[in-house]
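Colleague:
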Amino acid sequence: MSTEESVPAPAPVPGALLLCRAEPDLVAAVAPLLGERMPLVGAGEGWSALVPRGGPWRDGGEPVDRVAAGWAAALAVGAPWPVLALWWDADRAGYTLASGFRRPVGYVWLADGTPAGEDEAMRTFAARIGLDPVLDVQSLDRLTRPDPDAGQGAAAGAGAGVDARARLRGLLAVLTRAGITLPAGLAPGEDADRLGRAARALPGVRWTEAAGRRPTVDESRLAPWMPWVGGPGARALALAQTAAGLTLTAWGLRRHSGGWTTAGALLIAHGALGTAYGLTKRA
């Protein structure tokens, strides 16, 4: 056996995409909460995409789905727009939608495309994202059925294919009707390294700031929901974020989930920052 034949190919690195229903400037203001600098690009009319390198699942051994869900929750709490996390690894793929303080909703497919979620979750997802309650929900329902049925939905935009990553592509085909259009090269299911290289090469790409940096956008656009700019209800929102962070942290510790624990800690820090900034503004 030759040396080349004896060396197995490296396993693809699990990956994720964070799709935010907001313009890149607004997303850039809250992205430092995640603690990881990452490329940020437009992803259709009124949508932006963050492309994480994935330190927690690369270096910390955390499952990619937990980290992506925790990040989506941290970005969405207190914001007027939802965050959709798409994620995949060698065994599964799926999504989590976070919106405000509501319970996140998501769906999972096994690697071979076998649905492993609840049909009701898909319908709740459609309602929260603003999809058509009849036509779009029918397309999404096809993604919750075994593959022979899923194949019938290709013409309706649901996508066909037997594996989980094809199901994610089918999901995105439906979401084009909500305005999502991923730039070339940002295909769900790609190895995270290739995804990162593709994102960095896109025209107009920008990098999010490191944790702790103040937003650089017009504060008047952020005032209704960003605690640190002292907008209307900022103190109440900061306290709500702190309370939500405490709940998420406790839940994450009980489940031994570093992703949710980190998201909770970030929200606590975010709420504390908002409170401190508001006091400074009044001083």
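Sequential numbering from 52 applies to the sequence shown in my numbering.
Just so it is clear, CB atoms sit at the ideal spot from N, CA and C, and this is done for glycine as well.
Keep in mind that this is a model prediction, so the values were computed, not measured.
What first and last residue would you give for the beta strand (DSSP E) that runs through PRO197?
Modeller: The count along the sequence shown starts at 1 and reaches residue 197 at position 146. Careful: PRO197 lies outside any beta strand (DSSP E) and carries neither H nor E.
Colleague: Just to confirm, are THR147 and ALA120 a CB contact at a threshold of 8 Å?
Modeller: Within the sequence shown, residue 147 is the residue found at index 96, counting from 1. Within the sequence shown, residue 120 is the residue found at index 69, counting from 1. Contact: yes.
Colleague: Please determine, among ALA94, GLU87, LEU84 and ARG88, the residue with the shortest C-alpha to C-alpha distance to CYS71.
Modeller: Working through the sequence shown from its first residue, we reach residue 71 at position 20. Nearest option by C-alpha distance: ALA94.
Colleague: So the alpha helix (DSSP H) LEU222 belongs to, where does it begin and stop?
Modeller: Residue 222 sits at position 171 when you count from the first residue of the sequence shown. Here the alpha helix (DSSP H) through LEU222 covers 215-226.
Colleague: Along the beta strand (DSSP E) that carries ARG143, what are the first and last residues, could you check?
Modeller: Residue mapping note: residue 143 aligns to position 92 of the sequence shown, counting from 1. 143-149 is the span of the beta strand (DSSP E), which, as asked, contains ARG143.
Colleague: State the beta-bridge partners of TRP138 as determined by DSSP.
Modeller: The residue given as residue 138 occupies position 87 in the sequence shown. BP columns for TRP138 point to ALA67 and GLY145.
Colleague: By Cβ distance, which residues of its chain are closer than 6 Å to ASP116, with the 5 residues on each side in sequence left out?
Modeller: In the sequence shown, the residue the question calls residue 116 occupies position 65. Contacts found: TRP138.
Colleague: Leaving out the 5 sequence neighbours to the left and right, which residues in its chain are closer than 7 Å to ARG251 when beta-carbon positions are compared?
Modeller: Taking the first residue of the sequence shown as 1, we reach residue 251 at position 200. Hits under 7 Å: PRO90.
Colleague: Just to confirm, is the Cβ distance from ASP242 to VAL64 under 8 Å?
Modeller: Here residue 242 is taken as the residue at index 191 of the sequence shown, counted from 1. Here residue 64 is taken as the residue at index 13 of the sequence shown, counted from 1. Taking 8 Å as the Cβ cut-off, ASP242 and VAL64 qualify as a contacting pair.
Colleague: Going along the chain, which residues of its own chain have a beta-carbon closer than 7 Å to the beta-carbon of PRO133, five neighbours each way excluded?
Modeller: For the purposes of this step, residue 133 is taken as the residue at position 82 of the sequence shown. Counting only Cβ-Cβ distances below 7 Å, and skipping sequence neighbours, we find ARG72, ALA127, LEU148, ALA149, SER150, ARG179 and ILE180.
Colleague: Could you check if TRP108 is buried or exposed, using at least 16 other CB atoms within 10 Å of its CB as the buried criterion?
Modeller: As a first step, residue 108 is located in the sequence shown; it is residue number 57 there, counting from the start. Burial call: buried.
Colleague: State the DSSP-derived secondary structure class of ALA156, mapped to helix, strand or coil.
Modeller: Numbered from its first residue, the sequence shown carries residue 156 at position 105. According to the sequence displayed, residue 156 carries Val and not Ala. In this structure, VAL156 counts as strand in the three-state DSSP scheme.
Colleague: Could you tell me the boundaries of the beta strand (DSSP E) in which GLY93 lies?
Modeller: Walking along the sequence shown from the start, residue 93 turns up at place 42. Residues 90-93.
Colleague: Look up SER99 in the DSSP assignment and give the residues it is bridged to.
Modeller: Position 48 of the sequence shown, counting from 1, holds the residue named residue 99. Beta-bridge pairing links SER99 to CYS71 and GLY93.
Colleague: Do VAL156 and ALA167 have their CB atoms nearer than 8 Å?
Modeller: Taking the first residue of the sequence shown as position 1, residue 156 is located at position 105. Taking the first residue of the sequence shown as position 1, residue 167 is located at position 116. Result no, Cβ atoms of VAL156 and ALA167 do not sit closer than 8 Å.
Colleague: Output the boundary residues of the alpha helix (DSSP H) element that contains PRO107.
Modeller: On the sequence shown, residue 107 is found 56 positions in, with the first residue counted as 1. Here the alpha helix (DSSP H) through PRO107 covers 106-109.
Colleague: The alpha helix (DSSP H) spanning ALA116 covers which residue range?
Modeller: On the sequence shown, residue 116 is found 65 positions in, with the first residue counted as 1. Residue 116 is actually Asp in this sequence, not Ala. Where ASP116 is concerned, the enclosing alpha helix (DSSP H) stretches over 115-127.
Colleague: By the three-class DSSP mapping on this structure, what secondary structure does PRO83 have?
Modeller: The residue given as residue 83 occupies position 32 in the sequence shown. Helix at PRO83.
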